[in-house]
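Those letters in the sequence shown? Residues -19 to -1, 1 to 253, per mature numbering (1 follows the signal peptide of the UniProt record, and there is no 0), in order.
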Amino acid sequence: MKKLLILLVLTMFSLAACGDKEASDEKKDIIIGFGVGTYEEQFRNGILPLLEEQGYNVEIKVFSQNMQVNPAMAEGAIEASVFQSTAYMEGINDELGIDMVRLNYVPGAPQSLRSVNHEALDEVKDGSTVALPNDPVNQERAVRILEDLGWVKVAKDAGTTDFNINSVSAGDYDISFEILDPAQILASLEDVDYGVVNGNYIANSGQKISDGLAVEDTPMEHRIIVSVLAEDQDTEWAKDLKAAYESVAFEDYILSEGKFDGFILPEAWESN
């Protein structure tokens, strides 16, 4: 009799576990977080209709500051995000003690060096001011543009997620830096000689990334991704989200919108 009771209990636990898995696989309500920028627009116009056709009910949450998005993921307030790079995500994983992973790449905007006070790069001189993003990952990206131009030198042991402006020394010129929130740099160009602007802000402003004085060749670790918790990456909803971003329909949408000219396109589209 005791063996029978144990068998019944084990069977009930097994059925409950299967029920939980099925519920997870059949999940149709998703909350996705975004920072301010073009990635929410891409999703709303190009991805959301595809998911709704499959019966998904998607809530879009836009955060006024990028630093708010990952804590929301850690708290379970959102289930996916589209705003960050792999390098940035991995740094936050260490900082917050969470396990986010890359689901896929999205069409991403490279940084560009811009100016409203100068028409050319050769107008730079000792004492010129350059505005840089204040977060380590985007700041490192921006400094690499200046390094490629020969304006600065960067220490060999400079990190990425822990990048510090003290790793930078004078190159061909003695540059002064103005450290600003990434969202403020475009509006602050009148106050500096040059500024390195994240591409999503350029696209939102109606300008073209290709009009920058220098455009970043964005490394893979700095390209924008869809992030989810590791425990969710094999769920059906995550697979459907990934498939939507890699679909011909989404590719056609992006290529039809002039504001996305100059964006780095996902390599997955090469097989479309």
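Every residue, glycine too, gets a C-beta built ideally from N, C-alpha and C.
In the DSSP assignment, R122 falls outside any beta strand (DSSP E) and within the unbroken alpha helix (DSSP H) covering P117 to L130. The residues N38, in chain order, have a CB closer than 6 angstroms to that of D10 in the same chain once the five nearest residues on each side in sequence are set aside. Where E76 is concerned, there is no enclosing beta strand (DSSP E), although the alpha helix (DSSP H) around it starts and stops at T67 to L77. Of all alpha-carbon atoms in D215, K223 and A139, the one lying nearest the alpha-carbon of F24 is that of K223. The three-state reading of DSSP puts P247 in coil, since its state is none of H, G, I, E or B. A direct Cα-Cα distance of roughly 9 angstroms separates N181 from F241. Our two residues, G16 and M48, have alpha carbons roughly 9 angstroms apart in a direct line. For the 8 angstroms CB-CB criterion, D107 and Y154 form a contact. Here N179 carries a coil assignment [DSSP, helix/strand/coil]. Taking 8 angstroms as the cut-off, the beta carbon of I166 is found no closer than this to the beta carbon of P117. When only Cα atoms are considered, E7 and W218 end up about 8 angstroms apart.
Contact between I245 and G27 is ruled out by a C-beta separation of about 16 angstroms, above the 8 angstroms threshold.
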